[in-house]
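Residue numbers (full-length UniProt numbering): 1 to 321.
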């Protein structure tokens, strides 16, 4: 079982006619659904509202095969994200988050100790950034180290992240809790105040190496359709680059979340999850890592070919390492 921790919200997606349609979303919810679509047992540890949107979210994740055993139901309203797509299918967001259900975590709502069947925890995004609940989630994650692989995706939302300097301090602290980190090049450039138009792979590698020194075994840095950079503890001087196959993008909503799901699925097939997964991750060969990242690319590409974050039915053959 992979437990995904964080927000489940409603995306209001704009159309050319000026109307909006409501679609279940939130990076953690998207990842949990993609895992279930891949046949990986997944549980969503999230707070959901008693309102109509909250009911829609619970029905959605349950119908996609995600375990709802860890969902906490409360009376605060559902978080809303207004998603606008540009001509390339890339999404930008505005958020309605004040007093909403996702950020009100209390320590007693989080399972401690972790269930015995959990091999990995995937966390990040707004749940690790939005007060007051972010501090509660971060402290809980710290207590789970060594019980399962901790996977972390900062998934920066600049509109909600504060200044780059304050967000960078938080992200670097949270990176130190993780065994596995997935981050986009856009997030790195924003955190380290570099112009994406002039940013270089050298900077990405430098940041990846500095993060490895904080504790993780494996860092993946996604660079859109160009490449994913992979850095491994003990092999910092030999970053790996894996190029994805070209894809015609319909929209990019949920692509990074699908990548996370595909990567966790592949690492599970490689036997690199579980209580001792930290060392197993560091021991993966470049060839094994290439297989894992290529699988993550395929899952993300499948999502990009569809409207919305739900990748639909996924039927990939078992990976060969």
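Each residue gets a CB set at the ideal place from its N, CA and C atoms; glycine is no exception.
- prompt: Alpha carbon to alpha carbon, what distance is there between residue 126 and residue 100?
  reply: In this model, residue 100 and residue 126 are separated by some 12 Å (Cα to Cα).
message: Just to confirm the assignment: which complete beta strand (DSSP E) runs, minimum length 3, are found wholly within the segment 91-173?
response: Taking 3 residues as the shortest admissible run, the segment 91-173 contains the following complete beta strand (DSSP E) segments, listed from N- to C-terminal end: 91-96, 120-124 and 149-153.
field: Secondary structure, alpha helix (DSSP H): runs of 4+ residues fully inside the segment 204-239
entry: None, since the segment 204-239 contains no complete alpha helix (DSSP H) of that length.
message: Would the segment 213-225 count as touching the segment 189-200 if we require 3 or more Cβ pairs under 8 Å?
response: The segment 213-225 and the segment 189-200 do not touch, with fewer than 3 CB-CB distances between them shorter than 8 Å.
query: What does residue 189 pair with, by DSSP beta-bridge criteria?
result: Bridge partners of residue 189: none, in fact.
query: How is residue 31 classed by DSSP in three states: helix, strand or coil?
result: Looking at residue 31 - three-state DSSP - the assignment turns out to be helix.
- prompt: Just to confirm, are residue 319 and residue 230 a CB contact at a threshold of 8 Å?
  reply: Residue 230 sits away from residue 319, with the two beta carbons spaced by 8 Å or more.
- prompt: CA-CA distance, residue 153 and residue 183?
  reply: Their Cα atoms are separated by approximately 6 Å.
message: Quick check: the segment 12-32 against the segment 245-260, are at least 3 beta-carbon pairs closer than 8 Å?
response: Because the criterion of three Cβ pairs below 8 Å is met, the segment 245-260 and the segment 12-32 touch.
message: Helix, strand or coil, according to DSSP, for residue 25 in the structure here?
response: Collapsing the DSSP output to three states places residue 25 in a strand.
query: In or out: residue 325 buried (at least 16 other Cβ within 10 Å) or exposed?
result: Nothing can be reported for residue 325, as the shown portion of the chain is limited to 1 through 321.
message: I need the DSSP call for residue 15, collapsed to helix, strand or coil.
response: DSSP places residue 15 in coil when its eight states are reduced to three.
message: Closest to residue 216 by C-alpha separation, out of 102, 167 and 277, would be which residue?
response: Answer by Cα proximity: 277.
query: According to the Cβ coordinates, are residue 57 and residue 129 closer than 8 Å?
result: Contact: no.
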